[in-house]
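Trainee: These protein sequences, in sequence, are chains A and B. Anchor point for the first sequence: position 44 equals 44 in the working numbering, and the numbering is continuous, going up by one each time. Anchor point for the second sequence: position 409 equals 409 in the working numbering, and the numbering is continuous, going up by one each time.
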Amino acid sequence: MIIKQLSIFLENRPGTLDAALGILKEAEVNICALSLADTSEFGLLRVIVDKPDEAKQALRSAGYTSSINEVLSVELKQEVGYLSSIIKKISTAGINVEYMYASSSSVSDASMIIKTDDSAKAEQALS
Amino acid sequence: MIWNEAKECMSRDELAVLQGARLHKQVDRIYHNVEFYRKKMQAAGVEPGDIQTVEDVTKLPFTTYADLRDNYPYGLLAVPRSEIVRVHASSGTTGKPKVLCYTRRDVEIWSECVTRAMAMAGITRDDIIQVGYGYGLFTGGLGAHYGAENLGAMVIPMSTGNTKKLIDMMIDCEVTAIACTPSYLLHVAEALEEQNLVGKIKLKYAVCGAEPWTDAMRDQIEKRLGIKAYDIYGLTEILGPGVACDCSAHKGLHIYEDHFLPEIIDPDSLEQKEHGELGELCITTLTKEGMPLLRYRTRDLTSLEYDKCECGRTMARIQRFRGRSDDMLVIRGVNVFPSQVEHALLTVAGTTPNYFITVDRVNNNDTFDVAIEVEERFFSDEVKKLEKLRAEVEDAIHQTVGIKAKVKLVEPNALPHSEGKTKHVEDRRKLTE
Chain A
1 MIIKQLSIFL ENRPGTLDAA LGILKEAEVN ICALSLADTS EFGLLRVIVD KPDEAKQALR
61 SAGYTSSINE VLSVELKQEV GYLSSIIKKI STAGINVEYM YASSSSVSDA SMIIKTDDSA
121 KAEQALS
Chain B
1 MIWNEAKECM SRDELAVLQG ARLHKQVDRI YHNVEFYRKK MQAAGVEPGD IQTVEDVTKL
61 PFTTYADLRD NYPYGLLAVP RSEIVRVHAS SGTTGKPKVL CYTRRDVEIW SECVTRAMAM
121 AGITRDDIIQ VGYGYGLFTG GLGAHYGAEN LGAMVIPMST GNTKKLIDMM IDCEVTAIAC
181 TPSYLLHVAE ALEEQNLVGK IKLKYAVCGA EPWTDAMRDQ IEKRLGIKAY DIYGLTEILG
241 PGVACDCSAH KGLHIYEDHF LPEIIDPDSL EQKEHGELGE LCITTLTKEG MPLLRYRTRD
301 LTSLEYDKCE CGRTMARIQR FRGRSDDMLV IRGVNVFPSQ VEHALLTVAG TTPNYFITVD
361 RVNNNDTFDV AIEVEERFFS DEVKKLEKLR AEVEDAIHQT VGIKAKVKLV EPNALPHSEG
421 KTKHVEDRRK LTE
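1. Sorted by chain position, which residues of the same chain lie with C-beta nearer than 6 Å to B/Pro416's C-beta, five sequence neighbours on each side aside?
2. Mind checking the region 35-47 of chain A against chain B and listing, in chain order, the residues whose C-beta falls within less than 7 Å of any C-beta there?
3. Starting from the Cα of B/Leu239, find the closest Cα among B/Ala21, B/Gly20, B/Cys113 and give me that residue.
4. In the structure shown, what three-state DSSP assignment does B/Ala89 receive?
5. Going by the beta-carbon positions, is the gap between B/Lys59 and B/Asp50 smaller than 7 Å?
6. Can you give me the Cβ contacts of A/Ile87 inside the same chain, cut-off strictly under 8 Å, excluding the 5 residues immediately before and after it?
7. Apart from the five residues just before and just after B/Glu271, which ones in its own chain have a Cβ nearer than 6 Å to its Cβ?
8. Nearest-angstrom Cα distance between B/Val107 and B/Val79?
9. Going by other Cβ atoms of all chains shown within 10 Å of its Cβ, with 16 needed for buried, is A/Pro14 buried or exposed?
10. Taking only runs of the alpha helix (DSSP H) that begin and end inside the region 275-353 of chain B, which ones reach a length of at least 4 residues, in chain order?
11. Cα-Cα, which of A/Val74, A/Val80, A/Asn30 is closest to A/Lys56?
12. Along the region 93-120 of chain A, what residues have a CB closer than 8 Å to any CB found in chain B?
13. Whole alpha helix (DSSP H) runs in the region 141-183 of chain B with 4 or more residues, listed along the chain?
14. Quick check on DSSP: helix, strand or coil for B/Tyr65?
15. Shortest alpha-carbon distance to B/His259 belongs to which of B/Asp266, B/Val243, B/Leu301?
16. With respect to the alpha helix (DSSP H) encompassing A/Gln5, which residues constitute its N-terminal and C-terminal limits?
17. Spatial neighbours of B/Cys247 within its chain, please: C-beta separation below 7 Å, excluding the five flanking residues on both sides.
18. Does the beta-carbon of B/Ala144 have 16 or more other beta-carbons within 10 angstroms, so that it is buried, or is it exposed?
19. So with CB distances below 7 Å, who are the chain A contacts of B/Asn413?
20. Starting from B/Lys202, trace the beta strand (DSSP E) both ways and give me its first and last residue.
21. If you check the beta carbons only, do B/Ile264 and B/Lys273 fall under 7 Å apart?
22. Pick helix, strand or coil for A/Asp53, following the three-state DSSP scheme.
23. Indicate whether at least one CB of chain A lies closer than 7 Å to the CB of B/Phe368.
24. Closer than 6 Å by C-beta to B/Arg104: which residues in its own chain qualify, once you throw out the five before and the five after it? Chain order, please.
25. What's the gap between the Cα of B/Asn150 and the Cα of B/Met118?
26. Are the C-beta atoms of A/Asn30 and some chain B residue less than 7 Å apart?
27. Pull up the distance between the alpha-carbon of A/Asn69 and that of B/Asp381, whole angstroms please.
28. Measure how close the beta-carbons of B/Leu281 and B/Asp300 come, nearest whole angstrom, since I'm counting them as under 8 Å.
29. Compute the Euclidean distance between the alpha carbons of A/Ile95 and A/Ala120, then round it to the nearest angstrom.
30. What does a CB cutoff of less than 7 Å around B/Leu77 pick up in its chain, not counting 5 residues either side in sequence?
31. Tell me the DSSP secondary structure of B/Lys406 in three-state form.
32. Excluding five sequence neighbours on each side, which residues of the same chain lie with their C-beta closer than 7 Å to the C-beta of B/Val46?
33. Closer than 7 Å, CB to CB, is B/Lys96 near chain C or not?
34. List the residues of chain A that B/Lys408 touches, going by C-beta distances under 7 Å, in chain order.
35. Applying the 10 Å Cβ sphere with the 16-neighbour rule, what's the burial state of A/Val80?
36. Does DSSP put B/His254 in a helix, a strand or coil?
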């Protein structure tokens, strides 16, 4: 399933993550999954939230740079080799995985959030 | 030693007569050969015949670096192109450089001026001199080289970029003099100290320029290396290094007034200032053939002293530089305008995001940091794309400015946003105090 992901630019220093999460809390946005990528100078906070557009608006008002883009959400089964089989399908289709992170929810076992260079093609490969 | 005593020590009265005659001849030639100046003079209602004495210079139009840019590359030539034997360039405020053309005679006069400066520092034909300025479009390398050869010294054309080799040759070839930027010489001093090699060098003199420096830096250079260091001033538009140099009295830089007519003006009203008053240095080239300039505004703020120096020279002395009347920075000896950084950002991002330049000096090396606010227009959820953007901006700045900057991506509103004119630069080096 293709879903919306919110990415936020943060500087790599104490307090920036706290401040950004505070804004999401103020806007009553719930975070379902989160990944934080770091470089020596900046960080990228990527989140799956219940209200991405409202969250982006709140962040923009507070002066943050953020963007919404599409990622693939794939439900996982608690089976040995399941994730491997999914990634194999994506790679066989010649699609590159840019990054991925896990998400858990009470509804299913867990999901994997996958950013590829072609979400639609990746979704097709998995169907 | 005084290289050209007849000129460097001539009485002020004789000098004024010489300058007046040269100015008249120069203006007459420019008027007839350079359309740009002819039109400017006609607009001001001035004819060559109106310029007879050195005081008449105030009737002439000014020249700015915008004029050099607008007439790029050959618009200000006062001789046929076939007379030009050399071209140098210095960076302009945006993409295009300022191109300067020299006739054979211009190169000779330039060499003579640099020779005077080196002789002023005590260097003779018995010395072995390393030129540690870049050779190429930049005037430092070839300017110092020709001056040292004209003096008759043994010249080692090191250029820049290989401190180890410079130190090896300095010791092995028993180098006694060096021409380079003062910050680079401090860097060399540090390297020598680290390897315990200061006792092995035979160095006696340094002629340093291409960037502003302080008395404190001179003290450091002299003490750490056990040498005498002199300040040489110049700018490509006028000639290159060798427009002025300081003598052992260290009471200002003697400007070679038989070739360059200096004035101090108010940068706002453009009125000439009294002797000794602070203002913008403005230079008319009296003998330059290829690309002579009338009242070129250097944007350097200083004052001039005209009393006879204890060294015996009568040529006016440029006092300590007090900064610039524009926003140019000199970083690692290279002229940098904030507008060049803006231009580089525009070419990469397609827009100019808010940016901030910080210049500092750490361990005697200039640091050049550029922070850019990340806007949604070029934001990405992928680290590699942001890193690529950062690298592209660094490349573009390197291409435009000629030196490398360290680029950092920051959050919006991390940089000063002010009402009206936004401050884009902080220079922490304190070079004018």
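All C-beta atoms in this analysis are idealised placements derived from N, C-alpha and C, irrespective of residue type, glycine included.
Mentor: From the atom records:
1. Lys423
2. Ala37, Thr39, Glu41, Phe42, Leu44, Arg46
3. Among B/Ala21, B/Gly20, B/Cys113, the Cα nearest to that of B/Leu239 belongs to B/Cys113.
4. strand
5. Yes, Cβ-Cβ distance for B/Lys59 and B/Asp50 is below 7 Å.
6. Val97
7. none
8. 15 Å
9. exposed
10. 338-349
11. A/Asn30
12. Shown in chain order are the members of the region 93-120 of chain A whose Cβ falls below 8 Å from a Cβ of chain B: Glu98, Tyr99, Lys115.
13. 163-172
14. In the three-state DSSP reduction, B/Tyr65 falls in the helix class (H, G or I).
15. B/Val243
16. No alpha helix (DSSP H) holds A/Gln5; the beta strand (DSSP E) holding it covers 2-11.
17. Here B/Cys247 has Met120, His254, Cys309, Cys311, Arg313 as same chain residues with Cβ atoms under 7 Å from its own Cβ, once five neighbours each way along the sequence are excluded.
18. buried
19. Gly63
20. Careful: B/Lys202 lies outside any beta strand (DSSP E) and carries neither H nor E.
21. yes
22. Looking at A/Asp53 - three-state DSSP - the assignment turns out to be helix.
23. no
24. Val85
25. Computed Cα separation, rounded: 10 Å.
26. no
27. 8 Å
28. 5 Å
29. 10 Å
30. If you ignore the 5 residues before and after B/Leu77, its C-beta comes within less than 7 Å of the C-beta of Cys101, Gly290, Met291, all in its own chain and listed in chain order.
31. strand
32. The residues are Lys59, Leu60.
33. Among the protein chains in the structure shown, which are A and B, there is no chain C.
34. Glu41
35. Per the 10 Å Cβ criterion, exposed.
36. strand
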